[in-house]
Structure formats: C-alpha cells, structure tokens
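Working notes, beginning with the structure itself.
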Amino acid sequence: MREALRRAAIAAVASAAFGAAVGSYVGGMQIVYAAIKMPLFLLGTGALCAGAILVLSAATLSPSRAMETALKAISMTAAMLGALAPPLFLLGISTPKPAPRGYLGMVVALTLAVGLAGIISVARLRRELPTPWLWIAWIAIYGFVGAQMAWLLKPWIGYTLAADRFLPLSENLHGNFYEAAWGAMTGLIRR
Amino acid sequence: MVDSIGAGRVVRIAEDEVFTRLDNQESASGPVRLAGALLRGPGGVLRDISLSHGLLHHAASLFALTAAFAGAYGAVIGLHQPGLQTLYAALKVPIVVLGSALLCTPTLFVFNAVGGSRLTLSQILCLVLAMSAAISLMLVAFAPIAWFFGVSTNGIGFLTFLHVGVFVIAAGFGLRMMDLARRYLRHLDGTEAIGPILLLFWCGLVVVVGLQMAHYVRPIMTPGPFFTGERGLFLEVLVPAHLR
Chain A
75 MREALRRAAI AAVASAAFGA AVGSYVGGMQ IVYAAIKMPL FLLGTGALCA
125 GAILVLSAAT LSPSRAMETA LKAISMTAAM LGALAPPLFL LGISTPKPAP
175 RGYLGMVVAL TLAVGLAGII SVARLRRELP TPWLWIAWIA IYGFVGAQMA
225 WLLKPWIGYT LAADRFLPLS ENLHGNFYEA AWGAMTGLIR R
Chain B
1226 MVDSIGAGRV VRIAEDEVFT RLDNQESASG PVRLAGALLR GPGGVLRDIS
1276 LSHGLLHHAA SLFALTAAFA GAYGAVIGLH QPGLQTLYAA LKVPIVVLGS
1326 ALLCTPTLFV FNAVGGSRLT LSQILCLVLA MSAAISLMLV AFAPIAWFFG
1376 VSTNGIGFLT FLHVGVFVIA AGFGLRMMDL ARRYLRHLDG TEAIGPILLL
1426 FWCGLVVVVG LQMAHYVRPI MTPGPFFTGE RGLFLEVLVP AHLR
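Line order of the protein sequences matches chains A and B. Quick note on the numbering used here: the first sequence kicks off at 75 and runs consecutively. Quick note on the numbering used here: the second sequence kicks off at 1226 and runs consecutively.
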C-alpha cells in the first residue's frame, strides 16, 4: 500500500512538472492549469481502466500485482515525462509567440517527448506481464480511454495563446476524440 | 512433419499446465466468491458441475451474479437518457444476456445428448449460466470506461459502436470460458462432454439470438417505452433501407 502511494505521488509530481512545461508556451495561469490537468489525465485514465485491467489479468495476475504493475508503468511514464520537463519548459518560454512555427514546434517537441516516454514504458511493461495478449490488451484499453481523457481535459498548450480556459467542459463535451479524428480523416480524403 | 509433431506437443504441454492449474483451484460458493473463481480460474466450479455437486446452489448464485452485473452495465447504457430509461436499460440488459443464454440451453442439451454426451440438463444449465456470468463480469469491468464515454460524448452513433464493442469483448470472454469448460470436463471425464463442432454452432446461435433479443426489447439507449411490441429482424439495422 505504501509502495502504491509512493508510486502515485511520483506520478502526480512528475506529471505535474511535465504539465507545467506543456503550459509554458502560453505561460501565466496556463502553466498551473496544465500542471493540474496532467496528473488527472494519467492517473484518472488509470483509475477508469482499473476494472477492465483487473478482470482481463485475473487468470494470470493477482489483483494487487496487476494494480502494482499498472501503477509502476504509469509512474515510470510520468517520471520520464517529468525528466524531460525542464528542457521543454525552456523551449516553451523561448519559442517565438505568436508564430505558427513556434506553436507547431512546441506540438512536435511535446509529441516526441510523450512518444519516447510511452514507447520505453510500454516496452518495460512487456517484461512485467505474462502474455503478449495481456500486454496488447492493456495498451489498447489505456490508449483508447486516454485519448478521450486528453480530449476532455483540453486545452493543453492553449491554441488561443491565452490562459483563458481551465476546463471548457461545455465545449469539450461536444463530440469526442474518435469522432473528431474520423471527421479529420474523411475531410482529408474529400479534399 | 517433425515441426507439426513438435507444435502438437507444445499445445499438449500448455493444455496440461492449464488443467494442472484448474485442478488446484478450490470450489466457491455464493455470488461474490463465484465471481472471483470465474475470473481467476473456474476449476473448482467446473469440478462441482462435473460431479453434480451443489448444482442448484451454483445455478442460483450464477443467475444472481449475471442479473446484478448485467443490470449495472445496463444502467450505465441507460445513463445516456437519465431517469426512467436508466431503469429500463438496467432491466433490459440482464433480459438480453440471461434470456439469450437460457433460450439456447435446451438446444445445447438435446444436440449434446444426441451426440452421446452424458451431461444432464442441470449440468448444462450451470455451464450456460457460468458463461453468462463471465459475460456480465466482463461487462461490469468495462462499465467505468463506458460511463466515462457516456458522460463525455454526445453522439449516439459512437456510443452504440462503443457498447457493441464492449459486448463483443464480453461475449468472446464468455464463449472462451465455455470452451475451457468443454476441454476441462473432457480432461476430468476422459470422454467428450460437449462436441467442439456443436459448441461452435451453439456459440453462433447464442450470438444471433442475443442480437435478435436486443433488437426485440429495443430501445435500450434512446427514450421509449419499456416494450414497444414491434416486430422486426436485427438484420434490418445492419442492412441499409435502400438495399432491402
């Protein structure tokens, strides 16, 4: 239990640091907003997926072992993101603003950071799980819910370039990540 | 040839490991313990079914478990239209899960008996209820995720797709458990308890009956009366109107 709390605390602090870096491009209150939302995103997604993960793993892992492994993967991802936060913060406060290239550069840097941390922790997770199917199922469920959670908690960087919204639920509750992605894809094909 | 013999041996060794694990699992009684047993490995429950021990007790527990968990998932579906519709959906989903499984039970029993199996109707009923309990367990495991998408999404099209996806996963889990039960009972008895082809055919039948039952008790997500009484085939939903 103590170990689980320690991991959750690491995940919360490290992901808050990464969130602060995400918000650094717009600056001001956006740093605080993103720092609050990032732990909510990582740990909230984990909490929502816990039931499905426990049931899928029940035949091969005990509930405590499954939760410990899941929390370990989340805290490892958060720790890596937290470790990348200082250079990203510097990038955020020094990239030209307002400038389309600056905003895009920030998006690319953050995507690369998330991709790097995600790939490493997912590769480590494979060693912890007894079967590849369980590993794929965990990743699929966490990814599926995580995408919608990120959509619900947006804006992250702040495309209006102003720290004007913490959590615009009335806007975010219209549609969802998958509908938006589908719309974007069909829009590309039609053009 | 050598490779195929080697592959066959690997499959046998893997199956022996599964059976050894199932042999070491204890029986469980009561809905909550049964839920845990179904998740970790239903060895004890399957041995009870094979020996006809406490079948009535197991059947009642599995029925209660299915009704409660499928009802909980139904309530999550119904939350899209809060109020009376939530209650209706909480009642309709157990009807679909239990109804389709129980409607197909006589088919499995009769065809299995014709094929030479010695399983009684009570044993078959317990196996079918164990399958429906496994389905409802998986449904309730995905309930927080379905709830999250339900409160954060407006589009009914996406939610329908999501719920169908969850039902497909749950049905796959339940049918896989049924296949495990078939193999384990064969291991215990030394004779074929349920024929593999019959089980495949029966699984297809359960899926079709489940789809038709869900269509018959519609609407589940959208507002409407508890039962419209409208007739129609579930295929009508799948085939566009201009192609019919």
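Where a beta carbon is used, it is the ideal one built from N, C-alpha and C, also for glycine. Please read these numbers as outputs of a predicted model, since none were measured by experiment.
Requested in this report: At 7 Å on the CB atoms, spell out the chain B contacts of A/V219, in chain order.
Outcome: As a working note, residue 219 of chain A is residue 145 in the first sequence. Per Cβ cutoff of 7 Å: I1370, F1373.
Query raised in the report: Between B/V1257, B/N1337, B/I1349, which lies nearest to B/L1280 when the distance is taken from Cα to Cα?
Result: Within the second sequence, the letter at position 55 stands for residue 1280 of chain B. Out of B/V1257, B/N1337, B/I1349, B/I1349 has the C-alpha closest to the C-alpha of B/L1280.
Query raised in the report: Is it true that the segment 1370-1381 of chain B meets the segment 1321-1340 of chain B, where meeting means three or more beta-carbon pairs spaced less than 8 Å apart?
Result: Output reads no: the segment 1321-1340 of chain B does not touch the segment 1370-1381 of chain B.
Query raised in the report: How would you write the range of the alpha helix (DSSP H) that A/W212 sits in, first residue to last?
Result: Sequence index remark: in the first sequence, residue 212 of chain A carries index 138 (1-based). Taken as a continuous stretch (DSSP letters only), the alpha helix (DSSP H) holding A/W212 covers 206-226.
Query raised in the report: If you draw a straight line from the C-alpha of B/S1252 to the C-alpha of A/E202, how long is it?
Result: In the second sequence, the residue the question calls residue 1252 of chain B occupies position 27. In the first sequence, the residue the question calls residue 202 of chain A occupies position 128. When rounded, the distance between both Cα atoms is 29 Å.
Query raised in the report: Does the separation of the CB atoms of B/T1385 and B/M1446 fall below 8 Å?
Result: Working through the second sequence from its first residue, we reach residue 1385 of chain B at position 160. Working through the second sequence from its first residue, we reach residue 1446 of chain B at position 221. Note that the C-beta distance between B/T1385 and B/M1446 is below 8 Å.
Report task. Count the CB pairs spanning the segment 108-115 of chain A and the segment 210-227 of chain A that are closer than 8 Å, and state whether there are at least three. Result -> The segment 108-115 of chain A vs the segment 210-227 of chain A: in contact.
Query raised in the report: Could you give the residue range of the alpha helix (DSSP H) that holds B/Y1313?
Result: On the second sequence, position 88 is the one that residue 1313 of chain B refers to. That run of the alpha helix (DSSP H) goes 1309-1339.
Query - Nearest candidate by alpha-carbon position, reference A/I167, set A/W207, A/A124, A/P174, A/G102 - result: Position 93 of the first sequence, counted from the start, is the residue given in the question as residue 167 of chain A. Looking at A/W207, A/A124, A/P174, A/G102, the one whose alpha-carbon comes closest to that of A/I167 is A/G102.
Query raised in the report: Can A/I105 and A/A94 be called in contact, C-beta distance under 8 Å?
Result: Translated into the one-based positions of the first sequence, residue 105 of chain A becomes position 31. Translated into the one-based positions of the first sequence, residue 94 of chain A becomes position 20. Taking 8 Å as the cut-off, the Cβ atoms of A/I105 and A/A94 count as close.
Query raised in the report: What distance in whole Å lies between the Cβ atoms of B/V1243 and B/A1355, which are believed to be in contact at a cut-off of 8 Å?
Result: Indexing the second sequence from 1 puts residue 1355 of chain B at position 130. Indexing the second sequence from 1 puts residue 1243 of chain B at position 18. Not really, about 17 Å apart at Cβ, beyond 8 Å.
Query raised in the report: Can you list, in chain order, the stretches of the beta strand (DSSP E) that have 3 or more residues and sit fully within the segment 106-182 of chain A?
Result: Listed in chain order, there is nothing to give.
**Report entry** Nonlocal neighbours in the same chain, by C-beta distance under 7 Å from B/D1487, ignoring five residues either side
**Finding:** Residue numbering for chain B in the displayed model covers 1226 to 1469; residue 1487 of chain B lies beyond these limits and cannot be assessed.
Query raised in the report: B/V1318: buried (16+ other C-beta within 10 angstroms of its C-beta) or exposed?
Result: Numbered from 1 along the second sequence, position 93 holds the residue referred to as residue 1318 of chain B. Its Cβ being crowded by 16 or more others within 10 Å, B/V1318 is buried.
**Report entry** Per-residue DSSP class, three states only, for A/F251
**Finding:** Stepping through the first sequence from its first residue, residue 251 of chain A is reached at position 177. Helix, per DSSP.
Query - Short Cβ contact (8 Å threshold) for B/A1284 with B/S1361 - result: For the purposes of this step, residue 1284 of chain B is taken as the residue at position 59 of the second sequence. For the purposes of this step, residue 1361 of chain B is taken as the residue at position 136 of the second sequence. For B/A1284 and B/S1361, no; Cβs fall outside 8 Å.
**Report entry** Assigned secondary structure, B/W1372 (DSSP; H/G/I helix, E/B strand, else coil)
**Finding:** On the second sequence, position 147 is the one that residue 1372 of chain B refers to. Note: B/W1372 maps to helix in three-state DSSP.
Query raised in the report: When the cut-off is 8 Å and only beta carbons count, does A/Y107 lie next to chain B?
Result: Taking the first sequence and counting its residues from 1, one reaches residue 107 of chain A at position 33. Residue contact with chain B for A/Y107: absent (no Cβ-Cβ distance below 8 Å to any residue of chain B).
Query raised in the report: Taking Cβ positions only, does B/G1454 come closer than 8 Å to chain A?
Result: Numbered from 1 along the second sequence, position 229 holds the residue referred to as residue 1454 of chain B. Not closer than 8 Å to any Cβ of chain A, the Cβ of B/G1454 fails to qualify, so no.
Requested in this report: Please check if any C-beta of chain B sits within less than 8 Å of the C-beta of A/A82.
Outcome: Taking the first residue of the first sequence as position 1, residue 82 of chain A is located at position 8. No, A/A82 does not count as interfacial toward chain B.
Query raised in the report: Is A/L243 helix, strand or coil when you go by DSSP?
Result: One-based indexing of the first sequence puts residue 243 of chain A at position 169. Note: A/L243 maps to helix in three-state DSSP.
**Report entry** Option in A/K111, A/K146, A/V129 with minimal Cα separation from B/G1266
**Finding:** Within the second sequence, the letter at position 41 stands for residue 1266 of chain B. Distance check between B/G1266 and each of A/K111, A/K146, A/V129 places A/V129 closest, using alpha-carbon atoms only.
Requested in this report: Would you kindly work out how many angstroms separate the C-alpha atoms of A/F218 and B/A1300, rounded to a whole number?
Outcome: Along the first sequence, one-based indexing puts residue 218 of chain A at 144. Along the second sequence, one-based indexing puts residue 1300 of chain B at 75. A/F218 and B/A1300 have their C-alpha atoms some 22 Å from each other.
Requested in this report: Count the CB pairs spanning the segment 139-153 of chain A and the segment 76-92 of chain A that are closer than 8 Å, and state whether there are at least three.
Outcome: The way I'd put it, the segment 139-153 of chain A does touch the segment 76-92 of chain A; three or more beta-carbon pairs between them come closer than 8 Å.
Query - Straight-line gap, A/A140 to A/I127 (C-alpha atoms, nearest Å) - result: Position 66 of the first sequence, counting from 1, holds the residue named residue 140 of chain A. Position 53 of the first sequence, counting from 1, holds the residue named residue 127 of chain A. Spanning the alpha carbons of A/A140 and A/I127 requires a straight line of approximately 8 Å.
**Report entry** Candidates B/I1394, B/R1401, B/Y1441, B/P1448, of which the one nearest B/W1427 by Cα
**Finding:** Here residue 1427 of chain B corresponds to residue number 202 of the second sequence, with the count starting at 1. The candidate whose alpha carbon is nearest that of B/W1427 is B/R1401.
Requested in this report: Determine the direct distance from the alpha carbon of A/L243 to that of B/T1332, and round the result to whole angstroms.
Outcome: Start at 1 with the first residue of the second sequence, and residue 1332 of chain B comes out as number 107. Start at 1 with the first residue of the first sequence, and residue 243 of chain A comes out as number 169. Answer to the nearest angstrom: the Cα atoms are 51 Å apart.
Query raised in the report: What are the start and end residues of each continuous alpha helix (DSSP H) run of 4 or more residues lying completely inside the segment 1251-1301 of chain B, in chain order?
Result: If we require 4 residues or more, the alpha helix (DSSP H) runs fully inside the segment 1251-1301 of chain B come out as 1256-1265, 1268-1276.
Query - Length of the line joining the Cα atoms of B/V1322 and B/F1288 - result: Residue 1322 of chain B sits at position 97 when you count from the first residue of the second sequence. Residue 1288 of chain B sits at position 63 when you count from the first residue of the second sequence. Approximately 11 Å between the Cα atoms of the pair.
Query raised in the report: For B/R1401 and chain A, any beta-carbon pair shorter than 8 Å?
Result: Here residue 1401 of chain B corresponds to residue number 176 of the second sequence, with the count starting at 1. Cβ-Cβ to chain A under 8 Å: no for B/R1401.
Query raised in the report: Quick one: which chain A residues come within Cβ less than 8 Å of B/A1366?
Result: Mapped onto the second sequence, residue 1366 of chain B falls at position 141. Contact note: B/A1366 reaches chain A through G125, A126, L128, V129, L130, using a C-beta cutoff of 8 Å and chain order.
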